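Trainee:
There are 4 protein chains.
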Amino acid sequence: MAKYGYLGLGIMGRGMALNLVNAGHDVVVWNRSSEKCDELVAAGATKGSSPAEVVASCDITFACVSDPEASKALVFGENGVLEGVAGGKAYVDMSTIDPGTAQTIGAAIVEAGGRYLEAPVSGSKGPAENGTLILLAAGERALFDEAEPAFSVMGKKSVFLGEVGQGARMKLVVNMIMGTMMTAFTEGMTLAEKANLSTQDLLDVLDAGAMSNPMFRGKGPLMQKESFATAFPLKHAQKDMRLALLLGDELAHGMPTVAASNEVFKKARNKGLGDSDFSSVYLASKD
Amino acid sequence: MAKYGYLGLGIMGRGMALNLVNAGHDVVVWNRSSEKCDELVAAGATKGSSPAEVVASCDITFACVSDPEASKALVFGENGVLEGVAGGKAYVDMSTIDPGTAQTIGAAIVEAGGRYLEAPVSGSKGPAENGTLILLAAGERALFDEAEPAFSVMGKKSVFLGEVGQGARMKLVVNMIMGTMMTAFTEGMTLAEKANLSTQDLLDVLDAGAMSNPMFRGKGPLMQKESFATAFPLKHAQKDMRLALLLGDELAHGMPTVAASNEVFKKARNKGLGDSDFSSVYLASKD
Amino acid sequence: MAKYGYLGLGIMGRGMALNLVNAGHDVVVWNRSSEKCDELVAAGATKGSSPAEVVASCDITFACVSDPEASKALVFGENGVLEGVAGGKAYVDMSTIDPGTAQTIGAAIVEAGGRYLEAPVSGSKGPAENGTLILLAAGERALFDEAEPAFSVMGKKSVFLGEVGQGARMKLVVNMIMGTMMTAFTEGMTLAEKANLSTQDLLDVLDAGAMSNPMFRGKGPLMQKESFATAFPLKHAQKDMRLALLLGDELAHGMPTVAASNEVFKKARNKGLGDSDFSSVYLASKD
Amino acid sequence: MAKYGYLGLGIMGRGMALNLVNAGHDVVVWNRSSEKCDELVAAGATKGSSPAEVVASCDITFACVSDPEASKALVFGENGVLEGVAGGKAYVDMSTIDPGTAQTIGAAIVEAGGRYLEAPVSGSKGPAENGTLILLAAGERALFDEAEPAFSVMGKKSVFLGEVGQGARMKLVVNMIMGTMMTAFTEGMTLAEKANLSTQDLLDVLDAGAMSNPMFRGKGPLMQKESFATAFPLKHAQKDMRLALLLGDELAHGMPTVAASNEVFKKARNKGLGDSDFSSVYLASKD
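Chains as they are written, first to last, in numbering that gives the first Met the number 0: chain A, 0 to 286; chain B, 0 to 286; chain C, 0 to 286; chain D, 0 to 286.
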């Protein structure tokens, strides 16, 4: 049985690492502020001393940190991942980063003698804890297959998408559809209100038909209460839409519906909703 | 047990009337070209001689015809519904008509001594045959309750939405969300293609997550084959978006995402796709 | 020298009729509330007793009333225009009406033995008074030529556009470009502000270059003061954009930029700006 | 009288440098491929040996190169501008570069003991030759005043906009209004065509009214002929709109009309029009 490392025990990483431990795997964990390791150690994990040491001592090391800068610091910093990968160690970065950063990191890992996979996830805190994430992997195909026992514990589905960068790109496409579906929904909810239709009736009708989906089902009742506790911050949702539109720009691909939706999200940020849940774009649709 | 009438045996009406007959109800049918009644009579229905006669001889008469003009002709024409409603006969119009036409018809029926409900449906041919339509009813509340035994056979869900016109309005809101979700989806599918991502991977990822819905699941594989056999004509989908935007106009409600989507549908009409399935808007997104 | 009639002495009609009188023409005027005729009579006009009488006693009668309903009432009402046109009298409707209404009125006039021209104008109060309107004429070509001496007094330019309805359509195209230029402008003005650029510098730079135009020059300084006294009501500007988009809809012509702009105007109406000048859409762009 | 340097003799720089020489100024010129200096030398300029040498030997050195990369190479390269600025030499970069690059260059120049102004221009080849550019300057105010004798020869108007970066930002705002006005115009031209209105009539009417501007006047007749010889490449126009939208993104400012227009330009690029004049977006509006 493979020995796994896990670097970064934030909201997402904590859930994934715990699932690995609870499934009976031998796991070495590391986090910048080390007290976050305690819960994992109590559950059966071992505490590592640095990213380099964890990577060198494990077969496959996973990581999930907050953004491209943190991701690069983890790899290129002192006692970083890069110092431990020689001799064919495998590194799987599950952070949400842009295609360019993924390519930079992947190339460096491989050049240093290591193996690389990007595997950003679709899903937030709940799915990370429940092991129901969707993993968007790209890079070395053989490593994807080897990591399957770990992936199957962390997520309900993992797909292999080709060369490094395609994982990041798929995530942008998915999140851009999500953001646009969200404003389609909020424009409908607010029109219903102005037309004196019951939004509950609207939710019921939508849920009974071909558009029925967990997002409308989950966010609709929260909109009715104007309850926007953050599951996915609006500013991050808008950032992904911006990046998706820039990907379209690169490819000379016009996407008018997405672009219109993106501007609504900007208006929502201007209302101070950047840190609220992305469903709070509802309040901008109301204007 | 109530005696039911059914006027209009087209694609939608035929399925609904058959379901009433097959459920054991006593049903009198009528259609402008009378040979369409044969199948129903063979199944156990009685053939009526005119709308007026059907309405006068039944407790509740349902109708489903193609558009507002046909709907008005059925009611106000010679031997039309209006001539049969005196004495409290009930008429339920399930055609897709605009709020104004529904109000005109409803007021005339009531003035002539009848009872009225509009009940446009969400769903197309398949759900009409399977009895899984969603009924958007508005008008007389008591009649809605009395019609429940019939509604439960024709649809899987029926909601009562208030005064006449609200059924039509709810349908516009629902269809406008549907059209906008569709271009959000086609812009994502075409971006995936241009970014060398597999659309099958995209469909799989979408179907595993919070956006999973029957429409993406059903239309996605057809888009991959560019197979656009008409379930819901694109020109009708666009017409509903136009009317929803005009409803917003009436209410001073800006809906930028919907408006952007609507223009994509117009571009699709300009490509000659008006009579294809509304998912063929994919071809306009590809440009 | 031809004898002219003028029906309707509101903001626009008053200026045009005065210009005809001041140019030395023999003019018979009529207005629903007759005291508005006094100023014209003082200037040298004759007061008529009804639309029918004016039309019957003049060679060419012009009219400018507020909307399609007023326009139809003037023609089809008791002692209306229609009763005076027999025997080849000419009627030129300068009101802003939709293509359908223009066609209805034109057909009725011609059938009654009269001659017809629609001639909606581009320009507001100032140009009506200064004789610098632009006349968008359509209908009978010979009548357009005969009316030239009057047109040249009321406007600085008149164009003949073909069959009845084309005048109304041209006005929609012009006003839709105007509305969209306006939100392009307000989005730039508000971006400049948020970027700590001086809007005065922006106005100066715009005015020195290829985009230099009287509208930016006139409305820009008023925006800086948030002074939105009504020259052209926002709700009318938005109505024209709606009608232009519906004309596009009829012709299967997608216009995404115009549609986006139109929704901004709706948002402005929702802020209570419908009766303010259309440049107050600036306040919606600021959100 | 000050001694001027000019670096970069491309389409724009050549015209500006010639105007300086023809106005009687003492000018030292330099260009990467040195044969471009010949024409200037024939007109009275002196040929410099490197950017560093030109800067060190002149009071104020102007530069105009193609993009941010060329701009940085000119300053930071071997024998570059930076090596010549010590002792208070002045450098004015007239290239179109993003705010960040302008700030990077400006800071380096000042740290090396030099003085800096960014001064991107509004206007293309013709205005560069005729001396009718508009200069959007920012940086050191005193230098702006000192450069006035040169600016007044190169342009018809120069404005001082504050700290470095504001010149670049103003240019983005101006070009974004321009691009959006352009699609407002092309959507109107194509609607006119589909409605069987004469585009010549439309151009005449627009030119007679409040929207009258040199851009419509110049580009309209070229659109009628579908003649799109490049004055300003469509891909550059779209790039400026992208950057303006990203500036809005930074400032949480939604600009729906601009965003819609930007997507039309992307569609035009997808049709292969990137290198045509930006007015060829007309062909995308036609779809």
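Where is the CB? At the ideal position from N, CA and C, for every residue including glycine.
Source: prediction; values computed, not measured.
Who does Ser121(C) pair with in a DSSP beta bridge?
Mentor: Numbered from 1 along the third sequence, position 122 holds the residue referred to as residue 121(C). Ile133(C).
Trainee: What's the call for Pro98(D), buried or exposed, on a 16-neighbour Cβ count within 10 Å?
Mentor: Position 99 of the fourth sequence, counting from 1, holds the residue named residue 98(D). Buried is the call here.
Trainee: Could one say the Cβ of Ser121(C) lies closer than 9 Å to chain D's Cβ atoms, at least one of them?
Mentor: Stepping through the third sequence from its first residue, residue 121(C) is reached at position 122. Chain D contact via Cβ: present.
Trainee: Counting contacts by CB-CB distance shorter than 9 Å, is Met153(C) in contact with chain D?
Mentor: Counting from 1 along the third sequence, the entry for residue 153(C) is found at position 154. So no, Met153(C) is outside the interface.
Trainee: Could you give the uninterrupted runs of the alpha helix (DSSP H) lying entirely in the segment 231–285 of chain D, keeping only those of 4 residues or more?
Mentor: Runs found: 233–249, 255–269 and 280–284.
Trainee: Check each residue of the segment 255–274 of chain B: if its Cβ is closer than 8 Å to any Cβ of chain A, include it; give the result in chain order.
Mentor: Per Cβ criterion, the list reads Pro255, Thr256, Val257, Ala258, Ala259, Ser260, Glu262 and Val263.
Trainee: Could you list the residues in the segment 95–113 of chain B with a C-beta less than 8 Å from some C-beta on chain A, going in chain order?
Mentor: Taking 8 Å as the Cβ-Cβ cut-off against chain A, none of the residues of the segment 95–113 of chain B qualify.
Trainee: What residue range does the alpha helix (DSSP H) around Ile176(C) cover?
Mentor: For this step, residue 176(C) is matched to residue 177 along the third sequence. Start and end: Gln165 to Lys193.
Trainee: Which ranges would you report for the alpha helix (DSSP H) in the segment 57–121 of chain C if only whole runs of at least 4 residues count?
Mentor: Correct list: 67–75 and 98–110.
Trainee: Alpha carbons only, please: which of Gly178(A), Leu190(A), Gly112(A) and Val163(A) is nearest the one belonging to Ala209(B)?
Mentor: For this step, residue 209(B) is matched to residue 210 along the second sequence. That would be Gly178(A), whose Cα lies nearest to the Cα of Ala209(B).
Trainee: Can you look up Lys224(C) in the DSSP assignment and give me helix, strand or coil?
Mentor: Locating residue 224(C) in the third sequence gives position 225, counting from the first residue. Note: Lys224(C) maps to coil in three-state DSSP.
Trainee: Lys218(B) and Gly273(B) - do their beta-carbons sit closer together than 9 Å?
Mentor: As a first step, residue 273(B) is located in the second sequence; it is residue number 274 there, counting from the start. As a first step, residue 218(B) is located in the second sequence; it is residue number 219 there, counting from the start. Contact: no.
Trainee: For Met0(A), count neighbouring Cβ atoms within 10 angstroms of its own Cβ and tell me buried if that reaches 16, exposed if not.
Mentor: Position 1 of the first sequence, counted from the start, is the residue given in the question as residue 0(A). So Met0(A) ends up on the exposed side.
Trainee: Under 9 Å, Cβ to Cβ, is there at least one residue of chain C near Val91(D)?
Mentor: By one-based count along the fourth sequence, residue 91(D) stands at place 92. For Val91(D), the answer is no, since every Cβ of chain C falls outside 9 Å of its Cβ.
Trainee: Run through chain D and tell me which residues come within less than 7 Å of Arg168(C), C-beta to C-beta.
Mentor: As a first step, residue 168(C) must be located in the third sequence, where it is residue number 169. The answer, in chain order, is Ala194 and Leu196.
Trainee: Look at Gly187(C) and Val257(D) and say whether their C-beta atoms are less than 9 Å apart.
Mentor: Position 188 of the third sequence, counted from the start, is the residue given in the question as residue 187(C). Position 258 of the fourth sequence, counted from the start, is the residue given in the question as residue 257(D). Yes. Within cutoff.
Trainee: Would you mind telling me which residues of chain A sit closer than 9 Å to Asp206(C), beta carbon to beta carbon, in chain order?
Mentor: What you label residue 206(C) is simply residue 207 of the third sequence in a count that begins at 1. Result: empty, since nearest Cβ-Cβ is about 28 Å, beyond 9 Å.
Trainee: Using a cut-off of 7 Å between C-beta atoms, extract the partners of Asp276(B) located in chain D.
Mentor: If you number the second sequence from 1, residue 276(B) lands on position 277. Result: empty, since nearest Cβ-Cβ is about 20 Å, beyond 7 Å.
Trainee: Since Gly154(C) is in the alpha helix (DSSP H), which residue starts that stretch and which ends it?
Mentor: Numbered from 1 along the third sequence, position 155 holds the residue referred to as residue 154(C). Segment Gly154 to Phe159 is the beta strand (DSSP E) holding Gly154(C); no alpha helix (DSSP H) there.
Trainee: If we define contact as Cβ-Cβ less than 9 Å, is Asp286(C) a contact residue for chain A?
Mentor: Counting from one through the third sequence, the residue named residue 286(C) turns up at place 287. Closer than 9 Å to some Cβ of chain A, the Cβ of Asp286(C) qualifies, so yes.
Trainee: I'd like to know whether the C-beta of Gly43(D) is nearer than 9 Å to at least one C-beta of chain C.
Mentor: The residue you call residue 43(D) lines up with position 44 of the fourth sequence. No, Gly43(D) does not count as interfacial toward chain C.
Trainee: Check whether the Cβ atoms of Val158(A) and Met175(A) lie closer than 9 Å to each other.
Mentor: For this step, residue 158(A) is matched to residue 159 along the first sequence. For this step, residue 175(A) is matched to residue 176 along the first sequence. No, they are not a contact pair.
Trainee: Using three-state DSSP, classify Leu196(C) as helix, strand or coil.
Mentor: Numbered from its first residue, the third sequence carries residue 196(C) at position 197. Looking at Leu196(C) - three-state DSSP - the assignment turns out to be coil, as it is neither helix nor strand.
Trainee: Give me the chain B residues within the contact set of Arg241(C), using Cβ-Cβ distance strictly less than 7 Å, ordered along the chain.
Mentor: For the purposes of this step, residue 241(C) is identified with residue 242 of the third sequence, where counting begins at 1. Neighbours of Arg241(C) on chain B, chain order: Asp248.
Trainee: Tell me the DSSP secondary structure of Leu300(C) in three-state form.
Mentor: Nothing in the structure corresponds to residue 300(C), since chain C is present only between 0 and 286.
Trainee: Is it buried or exposed for Glu117(A), if we count other Cβ within 10 angstroms and need 16 for buried?
Mentor: The residue given as residue 117(A) occupies position 118 in the first sequence. That one is buried.
Trainee: Where do the N-terminal and C-terminal ends of the alpha helix (DSSP H) with Leu39(B) fall, by residue?
Mentor: Counted from its first residue, the second sequence places residue 39(B) at position 40. Counting along the chain, the alpha helix (DSSP H) containing Leu39(B) begins and ends at Cys36 to Ala42.
Trainee: Here's the rule: buried if 16 or more other CB atoms are within 10 angstroms of the residue's CB, otherwise exposed. What is Asn78(C)?
Mentor: Within the third sequence, numbered from 1, the residue matching residue 78(C) stands at position 79. Asn78(C) should be labelled exposed.
Trainee: Do you know offhand how far Val80(C)'s Cα is from Leu160(C)'s?
Mentor: By 1-based counting over the third sequence, the position of residue 80(C) is 81. By 1-based counting over the third sequence, the position of residue 160(C) is 161. Approximately 24 Å between the Cα atoms of the pair.
Trainee: What distance in whole Å lies between the Cβ atoms of Ala137(B) and Gly14(B), which are believed to be in contact at a cut-off of 8 Å?
Mentor: The residue labelled residue 14(B) in the question sits at position 15 within the second sequence. The residue labelled residue 137(B) in the question sits at position 138 within the second sequence. Contact doesn't hold; Cβ gap of about 22 Å is too wide.
Trainee: Answer with buried or exposed for Ser32(C), where buried requires no fewer than 16 other C-beta atoms within 10 angstroms of its C-beta.
Mentor: Sequence index remark: in the third sequence, residue 32(C) carries index 33 (1-based). It counts as exposed.
Trainee: When we look at the beta-carbon of Gly112(D) and count the other beta-carbons within 10 Å, is it buried (16 or more) or exposed?
Mentor: As a first step, residue 112(D) is located in the fourth sequence; it is residue number 113 there, counting from the start. It is exposed - the Cβ of Gly112(D) has fewer than 16 other Cβ atoms within 10 Å.
Trainee: Taking Val279(A) and Phe227(A) to be in contact with their CB atoms under 8 Å, please state how far apart those CB atoms are, rounded to whole angstroms.
Mentor: Locating residue 279(A) in the first sequence gives position 280, counting from the first residue. Locating residue 227(A) in the first sequence gives position 228, counting from the first residue. The sequence given here has Ser at residue 279(A), not Val. Yes, Ser279(A) and Phe227(A) are in contact; Cβ-Cβ is about 4 Å, under 8 Å.
Trainee: Can you check whether the CB of Ala259(B) is closer than 9 Å to the CB of Leu288(B)?
Mentor: This structure gives no information on residue 288(B), because the portion of chain B shown stretches from 0 to 286.
Trainee: Would the beta-carbon of Leu246(B) fall within 9 Å of that of Leu135(B)?
Mentor: For the purposes of this step, residue 246(B) is taken as the residue at position 247 of the second sequence. For the purposes of this step, residue 135(B) is taken as the residue at position 136 of the second sequence. Against a cut-off of 9 Å, the Cβ pair of Leu135(B) and Leu246(B) comes out as no contact.
Trainee: Please state whether DSSP places Leu202(D) in a helix, a strand or coil.
Mentor: The residue given as residue 202(D) occupies position 203 in the fourth sequence. Helix at Leu202(D).
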